[in-house]
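Residue numbering for the sequence shown follows this note's numbering, beginning at 5 and increasing consecutively. Idealized CB from N, CA, C, for every residue including glycine. Just so you know, these numbers come straight off a predicted model, no measurement behind them. Accompanying notes for the structure given below.
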Amino acid sequence: LDDEGVAAALPPGTGPRHMAHGPGGHLYVVGELDVTVHVLRWDAESATAVPVQVVPACERGCVSGTQVLPSHVAVHDGDVWVGVRGSDVVVRFSVHDGGARLQHEHERPVGPWPRHMALVGGHLVTAVQNAGRVTSHAVAGDRVLGEVTVPFPACVVPH
């Protein structure tokens, strides 16, 4: 870290919520307040990161200053996945340029307030907090494979 202990600077109002490591030493940071995904290039030698791209967390209904709040980001099989509360979708981004660029691919409705998710094998498992359920979708396609009732699920931890 530099003398001030800052590894990366994001614009005021970003509200960094969650981060995931991606290919090529890139980091993906969900901005809860600005409703975006920030792509940062990590430099291990200096322990600092430089912003290289900012993309909207979702395309439909993703407006900063509303109750649309990205909450979780995961990297799985070369894609970046972002859960967005309020618009109630999980968004898949394809990764390009060695991890430096994201492209919006698909928004999957999952139910009210997707608090957390995990990608396990061919399954997207989502804690749908305000519906009181955990759902499993096929990663390829929108088909629901199963769901279980869980009061106020907040986290998915695969074994």
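Per-residue DSSP class, three states only, for residue i
i: residue 101; result: helix
i: residue 162; result: coil
i: residue 107; result: strand
i: residue 74; result: strand
i: residue 29; result: helix
Residue burial classification, residue i (beta-carbon count within 10 angstroms, cutoff 16)
i: residue 159; result: exposed
i: residue 6; result: Below a pLDDT of 50, predicted positions are generally treated as unreliable, and residue 6, at 47, falls in that range; no measurement from the model is reported.
i: residue 149; result: exposed
i: residue 141; result: buried
i: residue 36; result: buried
i: residue 120; result: buried
The beta strand (DSSP E) enclosing residue i, as first and last residue numbers
i: residue 91; result: Careful: residue 91 lies outside any beta strand (DSSP E) and carries neither H nor E.
i: residue 140; result: 137-142
i: residue 18; result: Premise fails: residue 18 is in no beta strand (DSSP E) and is neither H nor E.
i: residue 53; result: 52-60
i: residue 11; result: Residue 11 -> no beta strand (DSSP E), and no H or E assigned at all.
Distance CB(residue i)-CB(residue j) smaller than 8 Å
i: residue 41; j: residue 54; result: no
i: residue 28; j: residue 82; result: no
i: residue 94; j: residue 61; result: no
i: residue 38; j: residue 18; result: yes
i: residue 132; j: residue 155; result: no
i: residue 22; j: residue 98; result: no
i: residue 139; j: residue 153; result: no
i: residue 124; j: residue 162; result: yes
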